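All the letters of the sequence shown, read from the start, carry residue numbers 62 to 229 under the working numbering.
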Amino acid sequence: MQGLTKLLSIAVLAVGILSASNSGAEEGDIGFSASQTDRTVAAFSKGIEGCMEAPPVFRVDCFQHAYSSTVRVIANASAYWEAEVALTRVNRTLYQFVRANTDKSLGKERYGSFKPRAINESVLAEAQALYADLVDKAVAIMRGGSSSELKYFQPLADAVEATRDALR
Numbered sequence: 062m063q064g065l066t067k068l069l070s071i072a073v074l075a076v077g078i079l080s081a082s083n084s085g086a087e088e089g090d091i092g093f094s095a096s097q098t099d100r101t102v103a104a105f106s107k108g109i110e111g112c113m114e115a116p117p118v119f120r121v122d123c124f125q126h127a128y129s130s131t132v133r134v135i136a137n138a139s140a141y142w143e144a145e146v147a148l149t150r151v152n153r154t155l156y157q158f159v160r161a162n163t164d165k166s167l168g169k170e171r172y173g174s175f176k177p178r179a180i181n182e183s184v185l186a187e188a189q190a191l192y193a194d195l196v197d198k199a200v201a202i203m204r205g206g207s208s209s210e211l212k213y214f215q216p217l218a219d220a221v222e223a224t225r226d227a228l229r
């Protein structure tokens, strides 16, 4: 009898935990939330807005910093892993590009919350093409999931897509 009481208590506790974790999420939207999406879009938009003050040679690295800070916002939200992976790919590729093409004659300058490095002006067209391709791929990933993912990733995909030609 004591074992049955213990088992029943554990079952009730588990049901309570599951229902609490699902509160605020619609049916099938487990782990997603409008507030998490809003925080992510706000972090991305704020970062990009500051970067738009930068000349294009600084903007590439500034964008990399904006993606990095956005990834940190969703890093612990497991339901957002596909968006995190898509944004991380952009972040890492831009980081590698900047590292390989840094203009060492120019120092870091502050734009928004970031202090980006400049790339060589001679590779700016390559950076523009690379960034447009990265954005297209990230947006395709964020728009290619389930209906729940699409519902919560769409605002972020729209914000990312809006920057597609922002290095010009």
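Each residue gets a CB set at the ideal place from its N, CA and C atoms; glycine is no exception. As the structure is a prediction and not an experimental result, all values here were calculated from the model.
Pop quiz: F105 and T131 are said to be a contact at Cβ under 8 angstroms. What is the actual Cβ separation, rounded to whole angstroms? Contact between F105 and T131 holds: their C-beta atoms lie close to 4 angstroms from each other, under 8 angstroms.
So what does DSSP say about S84, is it helix, strand or coil? Below a pLDDT of 50, predicted positions are generally treated as unreliable, and S84, at 40, falls in that range; the measurement from the model is reported next regardless. DSSP places S84 in the coil class of the three-state scheme, outside both helix and strand.
Use the C-beta contact count for G205: other C-beta atoms within 10 angstroms, 16 or more gives buried, fewer gives exposed. Per the 10 Å Cβ criterion, exposed.
In terms of residues, what are the limits of the alpha helix (DSSP H) holding T98? Unbroken alpha helix (DSSP H) run through T98: A95 to C112.
Residues near N162 by beta carbon distance below 7 angstroms, same chain, minus five either side: The residues are I180, N181 and V184.
Check whether the Cβ atoms of G136 and C123 lie closer than 7 angstroms to each other. Sequence inspection shows Ala at residue 136; the Gly mentioned does not correspond to that position. For the 7 angstroms CB-CB criterion, A136 and C123 do not form a contact.
Which class does T224 belong to by DSSP, given the choice of helix, strand or coil? Three-state DSSP puts T224 in coil, outside helix and strand.
For Q189, which of S94, G92, T101 and V121 has the nearest alpha-carbon? Closest by alpha carbon: V121.
With P117 and R229 assumed to form a contact (beta carbons below 8 angstroms), what rounded beta-carbon distance in angstroms separates them? With a Cβ gap of about 7 angstroms, P117 and R229 count as contacting.
In its own chain, which residues sit with a C-beta less than 6 angstroms from the C-beta of G108, not counting the 5 before and 5 after it? If we look at G108 and ignore the five residues flanking it on each side, its Cβ neighbours are A127 and S130.
May I have the straight-line CA-CA distance separating G173 from A103, to the nearest angstrom? Separation of G173 and A103 (C-alpha to C-alpha, rounded to the nearest whole angstrom) is 14 angstroms.
With a 10 Å radius around its C-beta and 16 neighbouring C-beta atoms as the bar for buried, classify R160 as buried or exposed. With fewer than 16 other Cβ atoms within 10 Å, it is exposed.
7 angstroms CB neighbourhood of N152 in its chain, flanking five on each side removed: So the list reads Q125, Y128, S129 and V132, once near-sequence residues are dropped.
Buried or exposed, going by whether 16 or more other CB atoms sit within 10 Å of the CB of R178? With 16 or more other Cβ atoms within 10 Å, it is buried.
By how many angstroms is the C-alpha of M113 removed from the C-alpha of D227? It should be noted that the sequence gives Ala, not Asp, for residue 227. So the two alpha carbons sit approximately 8 angstroms from each other.
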